[in-house]
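Encoded as C-alpha cells, the structure appears first; notes follow it.
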Amino acid sequence: MTRLGPRGNLFLAAAALVLASMPYWSGLYDMQLASTALIAAMFALSLQILTGAAGLVSLAHAGFFGVGAYTVYLLGAGSIFVTLPAAMLSAGIAAAVIGPIALRTRGFYFLMTTLAFGQMLFFLFHDTPLGGGADGVFLTRPSMMWTVTKSARPAVFLLLNLVTLSLMYLGLWWLMGTMFGHALLGIRINEDRMRATGHDVQRLKLIAFIVSGALAGLAGHMAALTDAFVSPEILDWHHSAEALLMILLGGIGVLHGPIVGAFALTLVREFGQSVTERQRLIEGMVILAAVLLLRRGLAGWRR
Amino acid sequence: MDGFLVQIINGLQYGLLLFLISSGLTLIFGVMGVINLAHGSLFMIGAYLAYVVAGITGDFWLAPPAAIVGGLGFGAVLERVLFQRFRNREHLDQVLLTFALILLFEEARASLVGNEFHAVAVPALLDFSVPVVGGFAYSAYRIAVLGICLLVAAGMVLFLGRTRVGASIRAAAENPEMVDLLGIDARLIHTLVFAAGTALAMLAGALAAPLQSVYPGMGDSILIASFIVVVIGGLGSVGGAFWAALLVGLIDTLGQVYFPQIAGIAVCGLMALVLSWRPTGLFSRA
Amino acid sequence: MKLEARGLTRRFGGLIAVADVSIELRTGRAHAVIGPNGAGKSTLVNLLFGTPRPDEGRIFLNGTDITLLPAWRRSRAGIGRSFQRTNLFPAMTVLENVRLAAQGSVHGWRLLRGAREDRGTRDTAVAALDQVGLTAFASDLAGALSHGQRRLLEIALVLATSPGVLLLDEPLAGLGAEETAPVVTLLRTLATNFAMLLVEHDMDVVFAVADEITVMVDGRVLETGTPDAIRRSGPVRDAYLGHRE
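Protein chains in written order, with my numbering: chain A, 1 to 303; chain B, 1 to 286; chain C, 1 to 245.
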C-alpha cells in the first residue's frame with residue numbers, strides 16, 4: 001500500500017474544500033448525502049490499515065463501528081468531548097478483547113473468527129436489553145460547544161464529519177510513514193520473514209487491530225451524532241463487507257482508496273435508488289464489476 | 001424434565017441439519033480453498049424451493065429430491081462459471097464475490113417469491129406425534145429428519161471412506177496438490193465437491209422448511225452457525241464438522257429456550273474458547 | 001558468541017528428521033553441515049531457529065537456555081538465519097528490504113519514528129548492503145533482481161538484524177559458477193566475525209570456508225571433525241562423499 005505524495009494530497013485537500021463549501025451552494029439533502037459518504041469513508045479508511053496495510057481481512061469491523069455508535073446512546077446525553085473519546089475507547093477495548101483470540105488464527109480462520117465475533121457483538125445489541133431493542137433507538141445528540149439549530153444541522157454535521165475524516169486521514173498518512181506502518185506492510189508481503197528478522201508480528205497486528213477498531217468506533221460515533229439513531233443493523237457483518245467493498249472499489253493499494261470507494265459507492269447507491277428499488281441488485285453488480293474488472297480500484301488505476 | 005429431553009432431541013436434530021450444511025462448506029474449503037459466504041443462501045434457496053414445490057404439487061415429498069437434483073445442477077454451474085476462476089484469488093476477492101452472490105440470490109428470491117414469511121405444512125403422512133418414553137411424545141416429522149440426516153451422514157462416511165473418488169476427496173482436503181498426483185481429474189473433483197455441497201445445503205433447507213418458517217434472512221443466521229461449526233471442527237474435516245455441529249446444535253437450541261438473550265453470544269463464545277485452546281479447531285491435524 | 005545444541009531430536013509423524021544431534025558454534029569459526037538430501041540439515045537449522053521446537057534436547061545461547069524462545073526473540077537475541085528458498089519482500093526496494101530487517105529489534109514508541117528518517121536502522125541497512133555489494137541496486141525492486149543478487153540480498157537481510165550467530169541454509173542454492181565466487185569470498189569474510197553454521201552441498205565451497213564439518217545421514221551425526229579429518233574419514237567417504245563422484 002502506498003501513500004499519496006504532496007501533489008496528491010493537495011488534490012484531496014481541494015476536494016475537501018469543495019465539500020466544505022457545500023453549505024453555500026447545495027441543498028440540505030445533498031449535504032446529508034455528503035455526510036453519509038464521509039462517515040462511510042471514515043469507516044472504510046479505519047479498516048484500510050488492517051486490510052490494505054497488514055493484509056488482514058476482518059469481518060468484525062462493523063462490530064466496532066456499532067460499539068462506538070451505541071456508546072453515544074448508552075451514555076445518554078453528554079458533551080461531545082466525553083462521548084467521542086468514550087466511543088473510541090469502548091470500541092478500542094472491544095478490539096483489544098477480540099483481537100488476541102482472533103489473531104491467534106491466520107488466513108481463512110481469521111476471516112471466519114472475525115465474522116463470528118462481529119456477530120457476537122451484533123447479538124449483544126440485538127438480543128439483550130442493553131441496546132434498546134432489535135429495531136434500533138433514537139438517541140439524544142451529544143451537546144457541542146454551541147447549540148445547533150435544526151436548519152443548520154446538515155451544514156454543521158457535514159463540516160464536523162469532514163474535519164474528522166481529514167484528521168483521521170492525516171493521522172493514518174503519518175502512521176503509514178513510520179516504522180510501525182512499514183512493519184505492517186512487511187507483514188502483508190512476508191509475515192514469516194518478518195518474524196525471522198525479529199519483528200514481534202503478533203503484537204504489531206494486535207496494535208493495528210486495536211487502532212483500527214478504535215477508529216471504527218470514532219466513525220460509529222459520528223454516525224450516531226449525525227443520524228441521532230442507532231440500530232443493531234450497523235453491527236451486522238454485511239456492513240463489514242461493505243467496508244471491504246469500498247476498499248476494493250477505491251483501491252486496496254493506496255491509503256486514500258477507501259475514501260474514493262466510499263464516495264463512489266454512496267453515489268452509485270443514490271443513483272440506483274432513483275432508478276430502481278432493487279438496491280441489492282445494484283450493489284451486487286458493483287461488487288462483481290469491482291472484483292472482476294477493477295482489480296486495482298478507482299484510485300489505483302494509474303499504477 | 002420431559003421438556004428438557006425434547007429440547008435435547010431438538011438440539012441434536014438441529015445439529016444434524018447444521019452438519020449437512022457445514023460438511024459441504026468444510027469440504028469446499030478443504031478441497032478448493034474457497035471460502036463461500038453464500039453457502040447460507042443455498043440453504044435459503046432450498047427452503048424456498050420446498051415451499052414452491054409443496055405449494056404447486058401439494059406434495060412435500062417431492063421437495064427433498066428436487067433440492068438434491070437442483071442443488072447438484074446449480075452447484076455444478078456455479079462452480080464451472082464462477083468459483084473455478086476464484087480459487088486462486090485473494091481472500092478479499094472471495095469474500096466480496098460470495099457476498100455479491102448473497103445479495104443477488106436475495107434479490108432473485110424477492111422478485112420471484114416476494115419478501116413474506118411462509119409456513120410449509122408438515123407432510124400429512126408424518127403429522128403426528130410418536131410416544132417415546134413415559135408420557136412424552138415427539139413429532140414424527142422431526143424424527144424422520146433426524147433419520148434422513150443420519151442416513152446422509154452415514155452415506156457420506158461410506159462414500160469418503162470406501163470409494164476411490166472419496167479417497168481422493170479426502171486426500172485433496174488435506175493437501176490440494178495430492179489430487180494431481182493421484183491421477184484424478186482435479187477439475188472434476190472440484191465440480192463434484194461443490195455440487196454435492198450445494199445439494200446438501202439445499203436439502204437441509206428443504207428439510208428445515210416445515211420446521212421453521214421460510215423467510216428472507218434465514219440463510220444468514222445458518223451461515224454464521226455453520227461457519228462456527230467449521231472453525232470448531234477444523235477446516236476440511238468432515239468428522240470434526242459432525243461433532244462440532246452436534247455441539248453447536250445443542251448449545252444453540254438449549255440456549256434459545258433457556259437463555260434466549262445470550263444464545264447467539266454463547267455459541268460465538270464457545271468458538272472463542274475452542275480457538276484460544278486450539279487455533280485450528282478441535283479435529284485438525286495441525 | 002556461542003550457540004550450543006545438545007541432543008536435538010525432532011520427529012514428524014513416524015519419521016525421525018533429526019535424531020540426537022549436538023553441535024557447537026563459536027564466533028570466528030565456520031561450522032559446515034553436509035549430508036545427502038533428506039539428512040535433516042534444514043530441519044536442524046529450523047530447530048536452532050525455533051520453528052519448530054525440538055521434541056527433545058536443549059539449545060543454549062551464551063549459556064542461556066533458549067529452547068522455548070520463539071523465532072523473533074531468537075533474532076533479537078542475536079541469531080540470524082537465511083533461507084534455502086529466497087524469502088524476501090519482492091514488492092519493496094532492496095534498501096527497504098534490509099531496512100525492514102534492521103528495524104526488527106526496534107520496539108516501543110521508537111516504532112513511531114519515520115521509517116525513512118530513522119538514522120539507526122538506515123545506517124545498519126546501508127552497511128549490510130555494502131557488505132554484500134548490493135549498494136548500487138539499493139533503489140531497485142527486490143523482485144526485479146537476478147537470482148544471484150537475490151541470494152546476496154537474502155544474506156544482507158540476515159546481516160541487517162545485527163546477529164552474532166549466522167545460520168545459513170544453502171546460501172549458494174541455484175547459483176552458477178560465476179555467481180558463486182563472490183558469495184564464497186563473502187562467506188569467508190563473515191566466518192571470521194561471526195559464529196557461523198553453513199549448510200551447503202558444494203564440497204569445494206565447504207572445504208574452502210569451513211573450520212569444522214559435521215556430516216549428517218538420516219537425521220544423525222555421522223561424524224564431526226576438521227575438513228582434513230572429514231576428507232580422510234572412511235565412513236564419510238562411503239556414506240556420502242563417495243556418492244558424489
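Glycine included, C-beta positions come from ideal geometry on N, C-alpha and C.
Outcome for residue i when other beta-carbon atoms lying within 10 angstroms are tallied against a minimum of 16
{"i": "PHE29/B", "result": "buried"}
{"i": "MET144/A", "result": "exposed"}
{"i": "GLY14/C", "result": "exposed"}
{"i": "ARG303/A", "result": "With a pLDDT of only 39 at ARG303/A, under the threshold of 50, the placement of this residue in the model should not be trusted; the figure read from the coordinates follows. Result: exposed."}
{"i": "GLN13/B", "result": "buried"}
{"i": "TRP277/B", "result": "exposed"}
{"i": "ALA224/A", "result": "buried"}
{"i": "ILE8/B", "result": "exposed"}
{"i": "HIS31/C", "result": "buried"}
{"i": "VAL82/A", "result": "exposed"}
{"i": "ARG81/C", "result": "buried"}
{"i": "THR237/A", "result": "Looking at the sequence itself, residue 237/A is Trp, so the reference to Thr does not match. Under this definition TRP237/A is a buried residue."}
{"i": "ASP238/C", "result": "exposed"}
{"i": "ALA286/B", "result": "Caution is warranted here: a pLDDT of 47 is assigned to ALA286/B, below 50, making its placement in the model unreliable, and the coordinate value is therefore given only provisionally. With fewer than 16 Cβ atoms within 10 Å of its Cβ, ALA286/B is classed as exposed."}
{"i": "LYS150/A", "result": "exposed"}
{"i": "PHE157/A", "result": "buried"}
{"i": "LEU275/B", "result": "buried"}
{"i": "ALA69/A", "result": "buried"}
{"i": "ASP135/A", "result": "exposed"}
{"i": "ALA15/A", "result": "exposed"}
Under 8 angstroms between C-beta atoms of residue i and residue j
{"i": "MET31/A", "j": "MET22/A", "result": "yes"}
{"i": "ILE247/A", "j": "GLY52/A", "result": "yes"}
{"i": "ILE16/C", "j": "GLY234/C", "result": "no"}
{"i": "LEU200/B", "j": "LEU16/B", "result": "no"}
{"i": "VAL148/A", "j": "VAL230/A", "result": "no"}
{"i": "VAL113/B", "j": "TYR48/B", "result": "yes"}
{"i": "ALA319/B", "j": "VAL31/B", "result": "The structure shown does not extend to residue 319/B, since chain B spans only 1 to 286, so no value can be given for it."}
{"i": "ASP211/C", "j": "ARG53/C", "result": "no"}
{"i": "ALA195/C", "j": "LYS2/C", "result": "yes"}
{"i": "GLY40/B", "j": "ILE222/B", "result": "yes"}
{"i": "VAL67/A", "j": "SER35/A", "result": "no"}
{"i": "ASP200/A", "j": "TRP72/C", "result": "yes"}
{"i": "ARG26/C", "j": "LEU88/C", "result": "no"}
{"i": "MET194/A", "j": "ARG3/A", "result": "no"}
CB-CB length for residue i against residue j, believed under 8 angstroms
{"i": "LEU197/C", "j": "LEU172/C", "result": "At roughly 15 angstroms, the Cβ-Cβ gap does not stay under 8 angstroms, so LEU197/C and LEU172/C are not in contact."}
{"i": "LEU103/B", "j": "GLY118/A", "result": "Not a contact, Cβ separation roughly 18 angstroms."}
{"i": "PHE43/B", "j": "GLY219/B", "result": "5 angstroms"}
{"i": "LEU111/C", "j": "PHE180/A", "result": "4 angstroms"}
{"i": "LEU12/A", "j": "LEU162/A", "result": "No, LEU12/A and LEU162/A are not in contact; Cβ-Cβ is about 11 angstroms, not under 8 angstroms."}
{"i": "ALA248/C", "j": "VAL94/C", "result": "An answer regarding residue 248/C cannot be provided, because it is not within the stretch 1 to 245 covered by chain C."}
{"i": "ILE49/A", "j": "LEU165/A", "result": "In fact, because the Cβ distance is near 15 angstroms, the residues do not count as touching under 8 angstroms."}
{"i": "ALA195/B", "j": "GLU90/B", "result": "Incorrect: roughly 25 angstroms between the Cβ atoms, too far for contact."}
{"i": "GLN261/B", "j": "THR128/A", "result": "5 angstroms"}
{"i": "SER226/B", "j": "ILE21/B", "result": "5 angstroms"}
{"i": "VAL211/B", "j": "ARG109/B", "result": "Residue 211/B is actually Leu in this sequence, not Val. LEU211/B to ARG109/B, Cβ: 19 angstroms. No contact."}
{"i": "VAL33/C", "j": "LEU44/C", "result": "6 angstroms"}
{"i": "LEU152/C", "j": "GLY164/C", "result": "That belief does not hold up - the Cβ atoms of LEU152/C and GLY164/C are roughly 21 angstroms apart, past 8 angstroms."}
Problem - Near-chain A residues of the segment 76-100 of chain B (beta-carbon distance less than 7 angstroms), N- to C-terminal order - result: Legend: CB atoms of the segment 76-100 of chain B lying less than 7 angstroms from CB atoms of chain A belong to residues HIS91, LEU92, ASP93, VAL95, LEU96, LEU97, PHE99 and ALA100.
Handout entry: Within 7 angstroms of chain B by C-beta, residues of the segment 276-288 of chain A in sequence order
Key = Flagged, chain order: ARG278, ARG280, LEU281, GLU283, GLY284, ILE287 and LEU288.
Problem - Short-range partners of chain A found in the segment 36-66 of chain C, where Cβ spacing is below 9 angstroms - result: For the segment 36-66 of chain C, which is checked against every Cβ of chain A, the residues closer than 9 angstroms are PHE49 and THR51.
Practice task
With 9 angstroms as the C-beta to C-beta threshold (strictly closer), list the residues of the segment 83-96 of chain C near chain A in chain order.
Solution key: Cβ contacts with chain A: PHE83, ASN87, LEU88, PHE89, PRO90, ALA91, MET92 and GLU96.
Practice task
Scan the segment 66-148 of chain B and note each continuous beta strand (DSSP E) run of 3 residues or more that stays entirely inside, going in chain order.
Solution key: Within the segment 66-148 of chain B, the runs of beta strand (DSSP E) that reach at least 3 residues and sit entirely inside it are, in chain order, 129-133 and 136-139.
Handout entry: Every unbroken beta strand (DSSP E) within the segment 20-76 of chain C, with a cutoff of 3 residues, ordered by chain
Key = Along the segment 20-76 of chain C, the beta strand (DSSP E) occurs as fully enclosed runs of 3 or more residues at 30-34 and 56-61, listed in sequence order.
Handout entry: Within the segment 119-176 of chain A, ranges of the alpha helix (DSSP H) (whole runs, at least 4 residues)
Key = Within the segment 119-176 of chain A, the complete alpha helix (DSSP H) runs of at least 4 residues are 153-175.
Handout entry: Contacting positions in the segment 102-115 of chain A - beta carbon closer than 7 angstroms to chain C
Key = Within the segment 102-115 of chain A, no residue has its Cβ closer than 7 angstroms to any Cβ of chain C.
Handout entry: Contact list for the segment 226-250 of chain A against chain B, Cβ threshold 7 angstroms
Key = Here the close residues are ALA241, LEU244, LEU245 and LEU248.
Problem - Chain-ordered residues of the segment 125-142 of chain A with a beta carbon less than 8 angstroms from chain B - result: Under the 8 angstroms Cβ criterion, the segment 125-142 of chain A contributes HIS126, ASP127, THR128 and PRO129.
Practice task
Could you list the residues in the segment 31-55 of chain A with a C-beta less than 8 angstroms from some C-beta on chain B, going in chain order?
Solution key: The residues in question are THR51.
Problem - Selection of the segment 157-182 of chain C by Cβ proximity to chain A, strictly under 9 angstroms - result: Within the segment 157-182 of chain C, the qualifying residues are LEU157, VAL158, ALA160 and THR161.
Practice task
Identify every run of the alpha helix (DSSP H) within the segment 226-279 of chain A, keeping only runs that are complete inside it and at least 4 residues long; order them along the chain.
Solution key: For the segment 226-279 of chain A, the full-length alpha helix (DSSP H) segments reaching 4 residues or more read 237-250 and 257-275 along the chain.
Exercise for the section: Within the segment 19-81 of chain A, note down every full alpha helix (DSSP H) run reaching 4 residues or more, in order along the chain. Expected result: Counting only runs of 4 or more, we get 22-25, 28-48 and 61-74.
Practice task
Note down, one range per segment and in chain order, each beta strand (DSSP E) of at least 3 residues found wholly within the segment 142-171 of chain C.
Solution key: Along the segment 142-171 of chain C, the beta strand (DSSP E) occurs as fully enclosed runs of 3 or more residues at 165-169, listed in sequence order.
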